[in-house]
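**Q** Everything in the sequence shown is counted per our numbering, starting at 18 for the first residue and increasing by one. Don't be surprised by glycine CBs; every beta carbon is placed ideally from N, CA and C. Sharing a structure here in structure tokens format.
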Amino acid sequence: GNHWGYGKENGPDLWHTHYPVAQGSRQSPIDIPRQVSHDPSLGPIVLDYDHCTSISISNNGHSVVVNFDDTDERSVIHGGPLENPYRLKQFHFHWGGKGCDGSEHTVAGNSYASELHLVHWNAVKYTSFDHAAAAPEGLAVVGIFLETGDDHRWLHTITDAMYMVKYKGSITDFKGFNPKCLLPSSLHYWTYLGSLTTPPLHESVTWILLKDPIAVSEKQLGKFRLLQFTGEEEDQRLRMENNFRPPQPLKGRRIRSSN
Ligand SMILES: NS(=O)(=O)c1ccc(C(=O)NCC(F)(F)F)cc1
Ligand SMILES: [Zn+2]
Numbered sequence: 018g019n020h021w022g023y024g025k026e027n028g029p030d031l032w033h034t035h036y037p038v039a040q041g042s043r044q045s046p047i048d049i050p051r052q053v054s055h056d057p058s059l060g061p062i063v064l065d066y067d068h069c070t071s072i073s074i075s076n077n078g079h080s081v082v083v084n085f086d087d088t089d090e091r092s093v094i095h096g097g098p099l100e101n102p103y104r105l106k107q108f109h110f111h112w113g114g115k116g117c118d119g120s121e122h123t124v125a126g127n128s129y130a131s132e133l134h135l136v137h138w139n140a141v142k143y144t145s146f147d148h149a150a151a152a153p154e155g156l157a158v159v160g161i162f163l164e165t166g167d168d169h170r171w172l173h174t175i176t177d178a179m180y181m182v183k184y185k186g187s188i189t190d191f192k193g194f195n196p197k198c199l200l201p202s203s204l205h206y207w208t209y210l211g212s213l214t215t216p217p218l219h220e221s222v223t224w225i226l227l228k229d230p231i232a233v234s235e236k237q238l239g240k241f242r243l244l245q246f247t248g249e250e251e252d253q254r255l256r257m258e259n260n261f262r263p264p265q266p267l268k269g270r271r272i273r274s275s276n
């Protein structure tokens, strides 16, 4: 049927028809205001990715996703606002069209070129990712802003693999990638309780947004736009771009800032 997407006929403003939680009280993304309350009790976020390696890279028709082996506690994040360790499951990106911004969260009304989401789940409290994804404390997503500037030396491995997953439903081996190389210099962050930013929009995410962006070149971002929303067998060739949901109402939520 009318599967959800980012077009005029199936985009974010229409998602509420099949996913009423779209108008819920803890939806994401949001705009991060200039002044956020600083919480001295918030410790540092710790990303233990040392034994972490990727398995595959895929095109799910909405984004490009790098998948990880989450069968043990090898790659977890803990600390910060989190009461348990959360296992890395996948990371993916949201981006705009040529010369246009495409981040999901905004900072004082300003967008970035793109936004990277590192998706983790609470394997201490839940038996599977799918259960965690539907539970209030189930997921922790680390958001990293991308701004255009110099080439990112490690992003090349990802953009070079994109020609292998051009079409929706494609997947290929992508081993040995450690996302630690995509982190900015500072792990200072904002945190708030929100949701998945794509349907089913479950209100299950503790968001941890790093304040500092990483720099990627316009050329590297251009390779993201070679991906397609559509499958190889489809007549329509829809370039994958502008796959971001705009900021949603804060509805009284508190946003906390690490130091
Ligand atoms: N863009 S986001 O908020 O990081 C984001 C992260 C993960 C998922 C996801 O796994 N959806 C499938 C599920 F879990 F079965 F619902 C969707 C959005
Ligand atoms: Zn995302």
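1) Can we say the stretch 200 to 213 touches the stretch 44 to 64, given the rule of at least three CB pairs closer than 8 Å?
2) Whose CA, out of Ile175, His109 and Val63, lies closest to the CA of Glu100?
3) In three-state terms, what does DSSP make of His111?
4) Return the CA-CA distance between Glu250 and Tyr180, expressed in angstroms with no decimal places.
5) Can you grab the Cα-Cα spacing for the pair His33 / Ala39, in whole Å?
6) Three-state secondary structure (DSSP) at His55?
7) Select from Arg271, Ala232 and Lys183 the residue whose C-alpha is nearest the C-alpha of Leu243.
8) By alpha-carbon positions, which one of Gly22, Ser73, Ser54 and Leu31 ends up nearest to Ser187?
9) Is the CB-CB distance between His20 and Ser274 below 8 Å?
10) What's the call for Ala157, buried or exposed, on a 16-neighbour Cβ count within 10 Å?
11) Could you tell me the alpha carbon to alpha carbon distance between Asp65 and Asp89, rounded to whole angstroms?
12) Give a single yes or no on whether Thr214 has its beta carbon closer than 7 Å to a heavy atom of ligand 2.
13) Only counting the same chain, and skipping five residues up and downstream in sequence, which positions put a Cβ closer than 7 Å to that of Lys192?
14) Check the DSSP bridge columns for Gly160 and list the partner residues they point to.
**A** Per the coordinate set shown:
1) yes
2) Val63
3) strand
4) 16 Å
5) 5 Å
6) strand
7) Lys183
8) Ser73
9) no
10) buried
11) 13 Å
12) yes
13) Thr70, Ser71 and Ile72
14) His134 and Leu226
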